[in-house]
Amino acid sequence: MTLLKIAVLDDWQNVASGVVDWSVLDPIGQVTFLHDYPADTETLAARLQGFQVICVMRERTAFDRALLERLPDLRLLVTGGMRNAALDVAAARALGVEVCGTDSYKNAAPELTWALIMGLTRNLVPEANSLRGGGWQVGVGGDLYGKTLALLGLGSIGKWVARYGQAFGMRVIAWSPNLTAEAAAEVGVERVDKQALFEQADVLSVHLVLGERSRGLVDAQALGWMKPTAQLVNTSRGPIIDEAALVQALRERRIAGAALDVFDQEPLPAEHPLRTLDNVLATPHIGYVTRNNYRTFYGQMIEDIQAWHAGQPIRVFA
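Counting from 1, one number per residue, gives the positions in the sequence shown under this note's numbering.
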């Protein structure tokens with residue numbers, strides 16, 4: 001029997017091989033771990049030739065029709081999570097490529113969101129850097145108790161962040177296009193309109209799914225509604241915020257600061273201003289990068305490959 005050629009992409013930290021036991025696939029395939037960042041279509045097509053199965057981390061390397069058409073041997077594409085905007089699922093299906101996903105550890109993104117809120121509010125990175133450099137206190141931290149936490153989106157992640165805010169004694173408000181007052185009240189949150197959300201926020205945290213209605217939703221007008229003391233947090237998807245408008249608002253101190261885990265282009269270009277602005281706390285899209293999540297992603301990728309090879313694919317994308 002000819003063994004499958006299996007590629008595990010997007011292993012940027014070189015950890016995939018040790019998170020789970022890939023040797024269970026030895027009877028059916030040979031696994032290769034690739035650590036390169038995404039590249040142009042030509043480079044990716046050359047890099048991935050000959051693989052019948054490719055495992056990707058969600059929303060790192062994009063698989064559009066142009067790339068898929070250059071991979072004639074590909075038969076199975078497996079992604080971490082059950083949503084991946086970087087995959088053209090319809091094109092894959094039309095080309096005879098099955099697409100399967102995995103479950104995920106639901107608390108990873110809310111926990112990072114709260115870490116960013118705390119880090120930004122208490123000025124933790126400059127204070128820690130000062131201490132490391134031989135200095136001492138360099139600023140005065142802010143407070144959360146009694147302040148208003150504004151959630152742009154109140155789905156599963158937004159609800160967890162709402163609970164954290166309530167535990168810290170914050171007033172929590174929310175808005176999204178489909179949110180009702182009744183749904184917000186079920187978790188002790190007040191629904192307000194969009195403009196009021198931005199105007200009243202001391203901390204505004206973004207928790208929407210990226211789509212046509214949400215792309216660019218946080219634009220220059222919305223940022224202009226915010227108080228100059230307000231802080232913006234985004235652990236959802238970069239394009240929900242107009243990045244150029246945000247950079248301008250931060251440069252002009254029209255908002256106090258931003259904590260960002262996601263960006264329009266990832267990895268973030270080396271010379272991007274969000275790497276250097278002193279009122280930005282930025283992390284490299286680590287919202288889902290935890291031990292529990294990686295164990296779930298990679299463990300279920302193996303299950304997906306085994307099930308597909310047995311002719312009974314599981315967790316198939318609709």
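For glycine and all other residues, C-beta sits at the position ideal for the given N, C-alpha and C. Please read these numbers as outputs of a predicted model, since none were measured by experiment.
Alpha carbon to alpha carbon, how far is Glu303 from Thr290?
20 angstroms
Which residue spans inside the stretch 109-189 form an unbroken alpha helix (DSSP H) run of at least 4?
124-132, 156-167 and 181-185
Which residues in the same chain as Val192 place their Cβ atom closer than 6 angstroms to its Cβ, once the five residues preceding and following it in sequence are excluded?
Ile173 and Trp175
Compare the C-alpha of Val280 against each of Gln248, Gln300, Asn293 and Gln306 and name the closest.
Gln248
Helix, strand or coil for Ser104, going by three-state DSSP, please let me know.
coil
Ignore the nearest five residues each way along the sequence and tell me which others in Gly146's own chain have a CB closer than 8 angstroms to its CB.
Gly169, Met170 and Arg171
Please check the pair Arg93 and Thr79, which I expect to be a contact at CB under 8 angstroms, by giving their CB distance rounded to whole angstroms.
Not quite, the Cβ-Cβ distance comes to about 14 angstroms (not below 8 angstroms), so this is no contact.
At which residues does the alpha helix (DSSP H) containing Asn293 begin and terminate?
Arg291 to His309
DSSP beta-bridge partners of Arg191:
Ala174
Which residues share a DSSP beta bridge with Gly29?
Leu4
Distance, Leu112 Cα to Leu149 Cα:
16 angstroms
Status (buried if at least 16 other CB within 10 Å, exposed otherwise) for Gly29
buried
Given a threshold of 16 other Cβ atoms within 10 Å of its Cβ, counted over all protein chains shown, does Lys106 qualify as buried or as exposed?
exposed
To the nearest angstrom, how far is the alpha carbon of Val203 from that of Gln231?
5 angstroms
Less than 8 angstroms between the CB atoms is what I'm expecting for Arg315 and Gly101, so what's the real figure, rounded?
5 angstroms
Taking only runs of the alpha helix (DSSP H) that begin and end inside the stretch 205-260, which ones reach a length of at least 4 residues, in chain order?
220-225 and 243-251
Backbone CA spacing between Leu274 and Asp64 [nearest angstrom]
28 angstroms
Specify the secondary structure class of Phe198 as computed by DSSP and reduced to three states.
helix
Please classify Thr121: is it buried, with 16 or more other beta-carbons within 10 angstroms of its beta-carbon, or exposed?
buried
Would you identify the three-state DSSP class for Glu42, choosing helix, strand or coil?
helix
Since Leu9 contacts Leu34 with CB under 8 angstroms, what's their CB separation in whole angstroms?
5 angstroms
Which residues in the same chain as Phe51 place their Cβ atom closer than 6 angstroms to its Cβ, once the five residues preceding and following it in sequence are excluded?
Lys5 and Ala7
Thinking C-alpha only, which one of Glu182, Leu223 and Asn178 is nearest Gln200?
Leu223
Give every residue of the same chain whose Cβ lies closer than 7 angstroms to the Cβ of Val262, excluding the five residues on either side of it in the sequence, and list them in chain order.
Asn234, Thr235, Ser236, Arg237, Gly238 and His285
Same chain, Cβ closer than 7 angstroms to Val20, five either side skipped, listed in chain order
Arg295, Tyr298, Gly299 and Ile302
So, with DSSP's three-state summary, where would you put Val262?
coil
Sub-7 angstroms separation of Leu67 and Thr32 beta-carbons
no
Output the boundary residues of the beta strand (DSSP E) element that contains Val78.
Leu76 to Thr79
Between Ala245 and Ala220, is the Cβ-Cβ spacing less than 7 angstroms?
yes
Sorted by chain position, which residues of the same chain lie with C-beta nearer than 7 angstroms to Gly287's C-beta, five sequence neighbours on each side aside?
Ala108, Ala109, Leu112, Thr235 and Asp261
Over the uninterrupted alpha helix (DSSP H) stretch that includes Ala62, give me the two end residues.
Careful: Ala62 lies outside any alpha helix (DSSP H) and carries neither H nor E.
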